[in-house]
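To start, the structure itself, in structure tokens.
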């Protein structure tokens, strides 16, 4: 398989520095993927994303399937042309969203039937039609349809999700037309070491172009996440890209890189941005707090983005207090820029063999805790 | 007075082509001023405004007085630095807003006391403190505090508003520190020819750097507006800039230019943009309409803005139907760009002595009616 060729260029401690070659260009890893669920990274244009040094964007099969639908996107020339993003795109398979619907879906061995959260209409995902949909979008990386369980879950439940996820991964490979779209598998298994190992082993045997770790960052403790991510990453082939789904705080990104993971996605920076939560190298803060209404410093004095080199905290605080849409836009832009810059600096540190020092310096500089906004 | 030096460079029919020289640079007229009520043109950055060929921005004394307040803006280095807009700024005096409060304000000869729409706190505007406030913001053009009446109104009511507006204009001139901020007067008088004439004559006698026509575009018919604007404009000195407040549809702008007016402001293009109403050279349309969900043409095929050269109607329709904030942002940008481009073309037509043909060609191309969104 030549899809999604990955080269491991350097290592430093557990951290990896790589290059992932996709149909729409290379991605330097570690890389953060801003989330453009509905074919838009909320509030930002493709130009903004490029300016913020975004390399690859994530979109969601579930949402695009329901609206505007694959037919329109194909007619528009594919997802890249539809949203006018020329860089790589990875689409999630919709597994996570469908299994979040709880009362609205019915699982069987062949697939999953669900009702739309938009209009209640009935739809069905199978491993095959989800791959076909993503290939029709023309994305660079498609994810297999996986079976997610809500934690806490009984061991038999988690084991069953692993069994089906493996079976569906095999069917996904068979369904894959080996187009320019690469297909990544998703390791499940909850917080259970043995099930994670089983899931990883079965998927690795199928020789996918890349592997994601799913089912984490869903409410478990940071320690649980780190332990499972680290153990699972170690089970994955060194020569393939590793993707931890749903991670996007500064602290979690550093931890995940330390676990040997290469790619990450999360709505965190844009959701925080919309809600007035500023991410900085020294921690997060709520821009609406009274202290910032007269603060003439930039959001993050160490950041060289358009927002930080142009506007004050007082101006952003004014925008948010006035419910002006420019506030969410500017803070989303800054937060995405910040994570992309963090990844850039992480890559440089790994190349320089200085990962541990970089990681500790950043972690030491962080004050307070991230919010529960993921 | 050397403030706001105005040169009349060409005439074609009733239309005027001029240059207004303000502290932060020249404004080529006819010019449309996008409205940045709360120190932000909703959804757009200063960079966007420059890219959309915006020459001058309007902000509102009433809103900025209440939030974030003059003290903070002065501390931030003035309104230009606070919102990071380097071009000219004109601020409305707050008269229109205060008199719209109806139950929340008390008028006396000295000024007007009102309660904030935000928190009910009590404030007082006088001709003097409104000029001082705008000078403290460091804006290029300050408007005098005027007395607006809601139409329909009795003749004595309108006459009284003219009397007070004249008296307050004189006090505004006295209060003006002759800083780099120019001060424009506002002609009132409703739809009454004699009162308009009285108001204009009294204000022209005071030799202001510029004159606005207030009290129009407030619900009267298009014919009434045109008749009053045309008659009032003819009463104003040819060598001073003329500003018609509250006008921002393609049709009204062309009419107003035809009346010999040079400057205009309106929330129309940005409010329409937020609400999914696209302005084009061939009329307006609601982007949410079913027809556009599969329309792969640009919003306006004759427009060379970023939005029209990048995205399809189908993509914008998708954004609006998905309640994605990128939709309002993109359509606001396009609508502002469109009006600025219309003014550019109007200026060229006047320079070429071809105003009437240009006006008629644009008016003939317009289909349907603008919305009631002003």
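Protein chains in written order, with my numbering: chain F, -9 to 364; chain Y, -9 to 364. We put the CB at the ideal spot given by N, CA and C, even for glycine. The structure displayed is predicted, hence computed values, not measured ones.
query, result
"Suppose you measure from the CA of residue 269 of chain F to the CA of residue 282 of chain F; what does that come to, to the nearest Å?", "14 angstroms"
"Between which two residues does the beta strand (DSSP E) carrying residue 256 of chain Y extend?", "253 to 256"
"Kindly indicate if chain F contains any beta-carbon less than 8 angstroms away from that of residue 364 of chain Y.", "Low confidence applies here, because residue 364 of chain Y scores a pLDDT of 48, under 50, leaving its location unreliable; read the following figure in that light. So, not an interface residue."
"Can you find at least 3 beta carbon pairs, one from the stretch 329 to 340 of chain Y and one from the stretch 348 to 363 of chain Y, that sit closer than 8 angstroms?", "yes"
"Name, please, each residue of chain F whose Cβ falls closer than 9 angstroms to the Cβ of residue 258 of chain Y.", "Going along chain F, no residue has its Cβ under 9 angstroms from residue 258 of chain Y, so there is no contact; the nearest lies around 17 angstroms."
"Do the stretch 56 to 72 of chain Y and the stretch 108 to 128 of chain Y make contact, defined as three or more Cβ pairs closer than 8 angstroms?", "yes"
"Residue 326 of chain Y to residue 162 of chain F, Cα distance in whole Å?", "48 angstroms"
"So what's residue 54 of chain Y in DSSP terms, helix, strand or just coil?", "helix"
"Would you list, in chain order, the members of the stretch 63 to 84 of chain F that have their beta-carbon closer than 8 angstroms to a beta-carbon of chain Y?", "65, 66, 72, 73, 74"
"Use the C-beta contact count for residue 39 of chain Y: other C-beta atoms within 10 angstroms, 16 or more gives buried, fewer gives exposed.", "buried"
"Give the single residue among F:13, F:53, F:137 whose Cα lies nearest to the Cα of residue 314 of chain Y.", "F:53"
"What in chain Y is Cβ-close to residue 57 of chain F, meaning under 9 angstroms?", "308, 311, 312"
"Determine the chain Y residues that contact residue 174 of chain F at a beta-carbon separation under 8 angstroms, and present them in chain order.", "Correct list: empty, because the minimum Cβ distance to chain Y is about 26 angstroms."
"If the criterion is Cβ atoms closer than 8 angstroms, does the pair residue 260 of chain F and residue 88 of chain F meet it?", "no"
"So residue 332 of chain Y contacts chain F; which residues on that side make the cut at Cβ distance below 7 angstroms?", "Chain F residues near residue 332 of chain Y: none, gap ~24 angstroms exceeds 7 angstroms."
"How is residue 24 of chain Y classed by DSSP in three states: helix, strand or coil?", "strand"
"Tell me which residues share the same chain as residue 207 of chain Y and place their Cβ nearer than 8 angstroms to its Cβ, disregarding the 5 neighbours each side in the sequence.", "215, 234, 235, 236, 237, 242, 256, 364"
"What is the residue span of the beta strand (DSSP E) that residue 103 of chain Y lies within?", "102 to 105"
"Considering residue 152 of chain F, what are the terminal residues of the alpha helix (DSSP H) in which it resides?", "145 to 165"
"What residue ranges within the stretch 79 to 126 of chain F form continuous alpha helix (DSSP H) runs of no fewer than 4 residues, ordered along the chain?", "85 to 90"
"Which residue marks the beginning of the alpha helix (DSSP H) containing residue 70 of chain Y, and which one marks its end?", "69 to 73"
"Looking at the strands, I want to know which residues DSSP matches up with residue 11 of chain Y.", "Y:-5, Y:16"
"To the nearest angstrom, report how far apart residue -1 of chain Y and residue 8 of chain Y are at their CA atoms.", "5 angstroms"
"Rounding to the nearest angstrom, what Cα-Cα distance links residue 370 of chain F and residue 347 of chain F in this structure?", "Absent from the structure is residue 370 of chain F, since the part of chain F shown begins at -9 and ends at 364."
"Under the rule that 16 or more other beta-carbon atoms within 10 Å means buried, what is residue 140 of chain F, buried or exposed?", "exposed"
"What does residue 32 of chain F touch in chain Y if you count any residue whose Cβ is under 8 angstroms from its own?", "314, 315, 316"
"With 8 angstroms as the threshold, decide whether the Cβ of residue 159 of chain F is near any Cβ in chain Y.", "no"
"Where in the stretch 205 to 276 of chain Y do unbroken runs of the alpha helix (DSSP H), each at least 4 residues long, occur, reported from the N-terminal end onward?", "212 to 224, 240 to 248, 258 to 264"
"Near residue 196 of chain F, what residues of its chain come up, given a Cβ to Cβ distance below 8 angstroms and the 5 sequence neighbours on each side ignored?", "159, 160, 163, 175"
"What are the partner residues of residue 333 of chain Y, as DSSP defines its beta bridges?", "Beta-bridge pairing links residue 333 of chain Y to no other residue."
"Measure the alpha-carbon distance for residue 11 of chain F versus residue 71 of chain F and round it to whole angstroms.", "20 angstroms"
"How many Å lie between residue 180 of chain F and residue 252 of chain F at the Cα?", "20 angstroms"
"Could you tell me whether the Cβ of residue 286 of chain Y comes closer than 8 angstroms to any Cβ of chain F?", "yes"
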